[in-house]
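If you're matching positions, the sequence shown starts at 21 in the numbering used here and goes up one per residue.
Everything on this sheet refers to the single structure shown next.
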Amino acid sequence: MTDVQKRISELTDRIHYLNHRYYQDSVSEISDMEFDALLRELQDLEKQHPALAQTDSPTQRVGGAITKEFRQIRHQYPMLSLGNTYSREELQEFDERVRKGLNGEPFEYVCELKIDGVAISLIYENGVLTQAITRGDGVQGDEVTANARTIKSLPLKLQTSDFPERFEVRGEIFMPFKVFDAINVEREDIGEAPLANPRNAASGTMKMQDSSVVAQRKLDCYLYYLLGENLPSQSHEQSLLRLKEWGFPVSDTWRKCASVEDIFAFIEHWDKERFHLPMGIDGIVIKVNSLRQQEDLGFTAKIPRWAISYKYKAESATTVLESISYQVGRTGAVTPVANLKPVQLAGTKVKRASLHNADEIARLDVRIGDWVFVEKGGEIIPKITGVDLPKRGMFSEPTAFLSHCPACETALVRTEGEAAWYCPNEMGCPPQRKGRMEHFIQRKALNIDGLGAETIDLLFEKKLISDSADLYKLTYEQLIGLDRFADKSARNLLAGIEKSKSVPFPKVLFGIGIRFVGATVAEKLAEHFGSMDNIAKATHEELIQAPEIGEKIALSVLAFFQDPASVQFVEKLKLAGVQLAMPEGKEAESDALAGMSFVISGVFSTFSREELQDKIKANGGKLISSVSAKVNYLVAGENMGPAKLEKATKLGVKILTETEFIEMVMGS
Ligand code: IVH
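Pasting the structure below:
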């Protein structure tokens, strides 16, 4: 094995181990920065030596593989669904069928949460995840292995040794509410229609072609079903325990139940508690525990006879729609919001509900004064799902969507094929102008400390700023003259603005707020084109050739740079000194070598000389060409000249081997 091979395998094992400790034992043995450094080293090595990358490499977590068309794979065991029950009586009937099927033999159940996500089948061979297949039609599904590998809680390689040579494990991939809400906040921010619910979001994400985008969507999963030959368990309970021991994410919420009474206690407990879970569940699954008894009971054509689900009713309430208000967003999209007579729903008082857009109002035919049904999933804002028509007043009138902007009174427009109405007065409409500034200063963009929506309002009203670029012209005198500012807050704000000049280009590109250009797309554009000037010059063909850039985004980027006002705005930013290009040369990795100077000499096995020089610079070190008393370290490769070595020893310069150097950079 060459040194590179050895290092790749060392890094792979170490990262797998650290992942296991983190996700299984909740222990961080090293800092995030040190962890990232290890991962980056492995990525670099794999990039330089693609043939040496291992199939179970932890770098697959960050994605990168593009699948144009998913391969169809036949399931070894068909993926069936479950029968549903909705009442105690129906559960009682299930229990009686099981009892009869087992000829009065004693038995027990395991109850689990029914997670509202997408089913996945994972194949492990010799402890390595080799295939992930969606349910599809139950007989065959899509191979989505590259996408599944980005799910951080899923082990790519097991850290124990007592597992069967080949086995299949099934479970549910889901999008946690937190992730879902954050994605929708961003989608609305960039003028994209929000995702309907976490389940659709999870299934849409698993079918994406670019796994690096999947990685950013932060999916999670729970596993609940072990299949294969010669399994090391006699019961479902043992399977769950084994899976957990092997490092799989298994929800600890399962319980053994001896009777329908027990099952019902479990159901009632989670009917209340489900609103505190980080992900959605739509019911409970009840399974006969013994695998032998499961086999005895068998399957009907579609469903197992040894398991069933109990479905929760969606939590809903009825109340009166008092009025509809309209909000104008940064992109000019006008969103209707329902104002309700306050009503208690799933433990909170609800007074507003989202109505999405004009189509939704028309679909529901919802009118002021109507009694409406409101439902709450795990999402922040509840939604109106229907109208109680028999209760409608005689004189109600269909809702006419606004025709003019509520803020600037410009006539609204709607583009063919889009659901939203827009205020086209981009430059004059105050909420759009202020919205663009709020977008610009947010954490994911220019991240300006000491500035929030209220201050933007104030500065805008006082005519001190008319767009985000004006922030860079603010002076201490201007600020101190305002009510809200004292010496310290004025200085803080100016310092925050100054600091934002070093925010990297991708974030600036996101911050300028081109429609449909979210944080991820901005990164792709920035990496591909390198600078704002290049993006502004890019043709339609060039834009759609960039990774992840489709027709819609390309047209939006073109439209932005065709508008003289945008070009002028970008020009103002350039004068202000914000980053409008990617940095020259290599990106900084860490400051592990800050303040240290290095001389390198000889031949190295992991790095070329040039790479070693880059590595030193990227981690904050200084490169010196010849040995002197000022040099801290000499990194010594093979075949190094004896004169240099002698000089270094004489001057007390520390001598590092290549491995010692790597350890120093990685901080281990
Ligand atoms: S067991 C043969 N357990 O619900 C039994 N399914 O309606 C296989 N699901 O396709 C399923 N949580 O996607 C099982 N704890 C759980 C589950 C679960 C969610 C989903 C799964 C399945 C569907 C059946």
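Cβ coordinates follow ideal geometry from the N, Cα and C atoms, glycine included.
Since we're looking at a predicted model, the values are computed, not measured.
One or two residues paired with residue i in a DSSP bridge
i, result
"CYS277", "TYR129"
"TRP391", "VAL340"
"GLN92", "ASP162"
"TYR653", "PHE618, LYS674"
"ALA139", "GLU192"
"ASN104", "SER329"
"GLU335", "LYS396"
"PRO324", "PHE319"
"SER345", "VAL357"
Segment limits, beta strand (DSSP E) that includes residue i
i, result
"VAL354", "353-365"
"TYR330", "327-331"
"GLN80", "Segment: none, GLN80 is in no beta strand (DSSP E) and carries neither H nor E."
"VAL370", "368-374"
"THR32", "Premise fails: THR32 lies in the alpha helix (DSSP H), 23-45, not in any beta strand (DSSP E)."
"LEU246", "240-247"
"GLY303", "301-308"
Pairwise C-alpha distance: residue j and residue i
i, j, result
"PHE624", "GLU658", "6 Å"
"LEU111", "ALA358", "39 Å"
"ALA596", "LYS521", "8 Å"
"GLU678", "ARG41", "28 Å"
"LEU575", "ILE534", "11 Å"
"LYS493", "ALA427", "27 Å"
"THR87", "ILE569", "16 Å"
"LYS454", "GLY448", "11 Å"
"LYS464", "LYS519", "14 Å"
"ASP385", "ALA579", "35 Å"
"ARG190", "TYR97", "11 Å"
"ILE675", "ALA612", "17 Å"
"PRO324", "GLY318", "6 Å"
"ILE50", "GLY124", "55 Å"
"SER48", "LEU38", "7 Å"
"SER688", "GLU54", "For SER688, the predicted structure reports a pLDDT of 48, less than 50, and the residue's modelled location is therefore unreliable. The matter cannot be settled from this model."
"ALA221", "PHE421", "29 Å"
"GLY561", "VAL577", "The sequence shown places Glu at residue 561, not Gly. C-alpha separation (whole angstroms): 12 Å."
"VAL651", "ALA57", "25 Å"
"ALA166", "ARG91", "12 Å"
"MET660", "GLY622", "4 Å"
"GLN229", "SER223", "13 Å"
"ARG629", "TYR242", "46 Å"
"LEU365", "GLU571", "42 Å"
"VAL537", "LYS667", "56 Å"
"SER231", "THR170", "7 Å"
"VAL587", "GLY531", "15 Å"
"SER77", "THR32", "6 Å"
"SER279", "TYR129", "8 Å"
"ARG237", "GLN347", "28 Å"
Proximity test, residue i beta-carbon vs the ligand SAM heavy atom, cut-off 6 Å
i, result
"ILE86", "Among the ligands in the structure shown, the ligand SAM does not appear; only the ligand IVH can be found there."
Range of the contiguous alpha helix (DSSP H) that encloses residue i
i, result
"GLN254", "That residue, GLN254, is in no alpha helix (DSSP H); it is neither H nor E in DSSP."
"LYS205", "The sequence given here places Val at residue 205; Lys does not occur at that position. Per DSSP, VAL205 belongs to the alpha helix (DSSP H) from 197-209."
"THR154", "Element bounds for THR154: not the alpha helix (DSSP H) but the beta strand (DSSP E), 148-154."
"GLY406", "From DSSP, GLY406 is part of no alpha helix (DSSP H) but of the beta strand (DSSP E) over 403-407."
"VAL433", "Per DSSP, VAL433 belongs to no alpha helix (DSSP H) and is neither H nor E."
"LYS120", "108-121"
"HIS459", "450-461"
"PHE183", "Premise fails: PHE183 is in no alpha helix (DSSP H) and is neither H nor E."
"SER586", "584-596"
"LEU545", "539-549"
"PRO526", "525-531"
Kindly confirm or deny that the stretch 452-464 and the stretch 487-499 touch, where touching means at least three C-beta pairs closer than 8 Å.
-> yes
Three-pair Cβ contact test at 8 Å for the stretch 130-149 versus the stretch 290-306 = yes
Inspect the CB distances between the stretch 365-383 and the stretch 335-343 and report whether three or more fall short of 8 Å.
-> yes
Between the stretch 680-687 and the stretch 609-619, do three or more beta carbon pairs fall short of 8 Å?
-> yes
Any 3 or more C-beta pairs closer than 8 Å across the stretch 265-272 and the stretch 171-191 | yes
For the stretch 405-412 against the stretch 441-449, are there 3 or more C-beta pairs whose distance is under 8 Å?
-> no
Could you tell me whether the stretch 157-172 touches the stretch 327-341, using the rule of 3 or more Cβ pairs below 8 Å?
-> no
Would you check if there are 3 or more beta carbon pairs closer than 8 Å linking the stretch 50-64 to the stretch 189-206?
-> no
Is the stretch 631-638 touching the stretch 589-604 in the sense that three or more CB pairs, one from each, lie closer than 8 Å?
-> no
Taking one C-beta from the stretch 88-108 and one from the stretch 211-221 each time, how about it: are there three or more such pairs within less than 8 Å?
-> no
Three CB pairs or more closer than 8 Å across the stretch 503-514 and the stretch 465-485 | yes
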